[in-house]
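Student:
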Amino acid sequence: MAEATVQYRRKRLERGIKARSDTIFVIASTKDTLYLLLPRIVPVIALLILPLVLTGYWGKVLVFACIYGLLALSWDFMASCGLFSLGQALFFGMGSYIAGTLNSYFHIPPVITVPVATLGSGFLCAGLLGPVVRLKGVYFAMITLMLPLLLHKLIDTTGILGGTHGLSALSPFPSELTATYLAVVGFLACLFIFRRVINSDYGLVLRAIRDDDRAVMSGAINIYWRKIQAVFISGAVGGFAGALLTHHFQFLGMSAFALDYSILPVAAVAFGGQGTFAGAAIGSLILVPLSESLRALGGLRMAIYCGILIVSIIGLPEGIFHYMARKYHQFEKTVEVK
Amino acid sequence: MSLLVYGLINSVILALYTVGFSLCYGISGIANFSHGALYILSGFTAWNLLNLAGLPFYLSAGLSVIITAILGFLFYWVLLLRVRGIPLAELIVTFAAGVGILELLTWEGFYGMRYSLPILLRGGVDIGTVSIDYQRLFVLITGVAFVVFLWLFVHRTRVGLAFRAMAQNERTALSVGIESDWIGSLSMAMGAGLASLAAMVVLPLGMMESSIGLEVLIYALAVAIVGGLESTLGMVVGSFIIGFGQIAAAKYIGAKWMIIAPLAAIVFVLVIKPSGLFGKYKELEERV
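Protein chains in written order, with the working numbering: chain A, 11 to 348; chain B, 7 to 294.
#1: Going by DSSP in three states, T24(B) sits in which element: helix, strand or coil?
#2: Anything in chain A within Cβ reach of V89(B), meaning under 7 Å, just list it in chain order.
#3: List, in order along the chain, the chain A residues whose C-beta lies closer than 9 Å to that of L47(B)?
#4: Distance check for R20(A) and Y338(A), CA to CA, integer angstroms please.
#5: So, under 8 Å CB-CB, S40(B) and A52(B) are touching, yes? Tell me the CB distance rounded to an integer number of Å.
#6: Quick one: Cα of S244(A) to Cα of L29(B), how far?
#7: Alpha carbon to alpha carbon, what distance is there between A266(A) and G172(A)?
#8: Going by CA-CA distance only, name the one from V16(A), T15(A), Y18(A), L46(A) that's closest to G26(A).
#9: Could you tell me whether the Cβ of W83(B) comes closer than 9 Å to any Cβ of chain A?
#10: For A218(A), which residues of its own chain have a beta-carbon under 8 Å away from its beta-carbon, when the five flanking residues on both sides are left out?
#11: Compare the C-beta of M156(A) with all C-beta atoms of chain B and state if any pair is closer than 9 Å.
#12: Using only CA atoms, which one of A103(B), I72(B), I184(B) lies nearest to V84(B)?
#13: Where S39(A) and K28(A) are concerned, what is the direct C-alpha to C-alpha distance, given to the nearest angstrom?
#14: In the segment 14–84 of chain B, which residue ranges form an unbroken beta strand (DSSP E) of at least 3 residues, counting only runs that do not cross its ends?
#15: Count Cβ pairs between the segment 304–313 of chain A and the segment 98–114 of chain B that sit closer than 8 Å; are there 3 or more?
#16: Please work out which residues of its chain come closer than 8 Å, Cβ to Cβ, to V145(B), disregarding the five sequence neighbours upstream and downstream, and give them in chain order.
#17: For E302(A), which of Y67(A), R22(A), I233(A) has the nearest alpha-carbon?
#18: I want to verify the contact list: residues of chain B whose CB lies under 7 Å from the CB of M152(A), in sequence order.
#19: Tell me which same chain residues have a C-beta within less than 8 Å of the C-beta of V99(B), skipping the five on either side of it?
#20: Kindly indicate which three-state DSSP category K343(A) falls into: helix, strand or coil?
#21: Would you tell me roughly how many angstroms separate the C-alpha atoms of G196(A) and V142(A), rounded to the nearest one?
#22: Mind checking which residues open and close the alpha helix (DSSP H) that includes L23(A)?
#23: Measure from the C-beta of L269(B) to each C-beta in chain A and report whether the shortest distance is under 9 Å.
#24: Quick one: list the residues of chain A neighbouring A102(B), beta-carbon separation under 7 Å, in chain order.
#25: Contact between the segment 246–261 of chain A and the segment 89–107 of chain A is defined here as three or more beta-carbon pairs at a separation below 8 Å; is this criterion met?
#26: Where G249(B) and G13(B) are concerned, what is the direct C-alpha to C-alpha distance, given to the nearest angstrom?
#27: Per DSSP, what are the beta-bridge partners of S178(A) in this structure?
#28: Only counting the same chain, and skipping five residues up and downstream in sequence, which positions put a Cβ closer than 7 Å to that of L290(B)?
#29: Going residue by residue through the segment 150–180 of chain B, where are the continuous alpha helix (DSSP H) segments of at least 4 residues, counting only ones entirely within it?
#30: Within 10 Å of its beta-carbon, does R162(B) have 16 or more other beta-carbons around it, so buried, or fewer, so exposed?
#31: Rank G285(A), Q260(A), G248(A) by C-alpha distance to the C-alpha of S131(A) and give the top, closest one.
#32: Please say whether H332(A) and G263(A) have beta carbons closer to each other than 9 Å?
#33: Go ahead and label M194(B) buried or exposed: buried means 16 or more other beta carbons lie within 10 angstroms of its beta carbon, across all protein chains shown.
#34: Alpha carbon to alpha carbon, what distance is there between I73(B) and A251(A)?
#35: For V243(B), decide whether its Cβ has a neighbour in chain A, counting only Cβ atoms nearer than 9 Å.
#36: Are any of the Cβ atoms in chain B nearer than 9 Å to that of A306(A)?
So, in structure tokens, the structure goes:
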């Protein structure tokens, strides 16, 4: 061999503790137990304590973060069966309009309107999107982008359900703390349930539809019916978020169908990482407070926000959650190329 | 008669909006959701060159087209290269870049009724009972020229064929010697350049402000979806349907309902024929 230059490459290896706690189910030591539990328990406890610490303005930001988090989770759930939506505002607006209308015209208390709005929004969204679940990719995205804009326009021109002024003086939750806890607990419950569901047999079919729908069809499974079920579930989650925020602010307006509620959840998922729900949750818990704290900058706020988003997505295309998980489970070392 | 003339001109304007976008997204499969922002940015560049640097209009328009094309080229290498193949990230990155540009322009004070580009040809002509000015006729001619150019380019030149090959199957294109990064950045540059050319022709008709950017993007998407993403003929037909629909809605129902035309057309077309009116090769694998 001639004098070949020695080259090096980075090699990624699983940590020993990861391999142990993955495969050996009788966990041997407290260390292993903590390795598995800490990343799950710490954020949950932090989120449960935060409403007691944060009051006033930042308390409201926390509620917002959870609301957007719910929308991001529902986005991720739909994406896990191959439905890319650009219209979470549809789900959100449905929920808020159902809750707001019931409360304003029929004086039904929030205890009833929130569950009714959750289910009603699920059914209405599944009904509206049912005919178009056959579409894929950007075509489905276009329809979902258009629907909330169309409903926005409809309320604007016809003036039904409060029209441009909206409905105000809705009944609030008993206290600020109740509302905050409702948002936080709803968010955590949704995260937990989604993570369980997607690993069950039911979730397996959904993911298979995303990966290869024709193979699933050949297994005699009606993929359109499954997709409608997925739309129902995420419609219900989005509707819950909408109803919650409507009662919290005691106001219902056309802004419930605004583009913000469609774009921000997608940005949160792109930032946090797709496919694991934890990424969506982390993304919205980082992005919403970030955009609030940029408010001090005034006119440049959106431009800087976009800049941060671009840099983070280009820097970590896989999403921040996948990056953190990799660093947690694996280590890198430099080895010689032979 | 006025419906016919104004519908025609409106349709051609929509086609001009769409040409660049269609070249990028429809034909070579590169998502460029900053299309509208590049459109208005080039108007802004031309205005600055014209009024602050004191260059003549033709020169400043030409320069601004070149600058926008270079920007499109850079967008590919800086923004898109790392996230190619992740549709969600592509969409968010380019869309965020577009919104960022628009917000920067707004922050610079680029809104309100203060900015406009000069009209090339003054005066007008009467067609029957409708009077029409020369600038609108110029728009008409440019629009037709653009569409013809696009068709010839995509079907008759090597580079155009390479663009289409990219959209159909990138790996196969690579294996026959088409360098996908080079072609991709070229298509971004051409798309941006065409957007800028359209801006130079259409913008003098009215006031410029940054909010037009989003409008252009939405109309371009609507036309591309109705007509079928990858076909030039579909693009023309799509812009005619939406263009005439808008003018008819404005005339018979009320100006408020103009926005309904593209929405209704999209929903209708996608439910009836999901691949768009003239969509061909993505029909099976992508849409349904």
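Using N, Cα and C, we set each Cβ at its ideal position, and we do this for glycine too.
Tutor: On the basis of the supplied data:
#1: helix
#2: I323, I324, P327
#3: Under the 9 Å cutoff, chain A gives no residues; its nearest Cβ is about 13 Å from L47(B).
#4: 17 Å
#5: Not confirmed; about 18 Å, so no contact.
#6: 35 Å
#7: 13 Å
#8: L46(A)
#9: no
#10: A225, V226
#11: yes
#12: A103(B)
#13: 13 Å
#14: none
#15: yes
#16: I15, V18, I19, L22, V207, V208, L211
#17: Y67(A)
#18: L227, I231, I272
#19: L85, L86, V89
#20: strand
#21: 29 Å
#22: Taken as a continuous stretch (DSSP letters only), L23(A) belongs to no alpha helix (DSSP H), being part of the beta strand (DSSP E) at 18–24.
#23: yes
#24: C316, L319, I320
#25: yes
#26: 6 Å
#27: F261(A)
#28: At L290(B) the pLDDT is 44, less than 50, meaning the model places this residue with poor confidence; the figure from the coordinates comes in the next sentence. Nothing meets the Cβ criterion.
#29: 164–174
#30: exposed
#31: G248(A)
#32: no
#33: buried
#34: 45 Å
#35: no
#36: no
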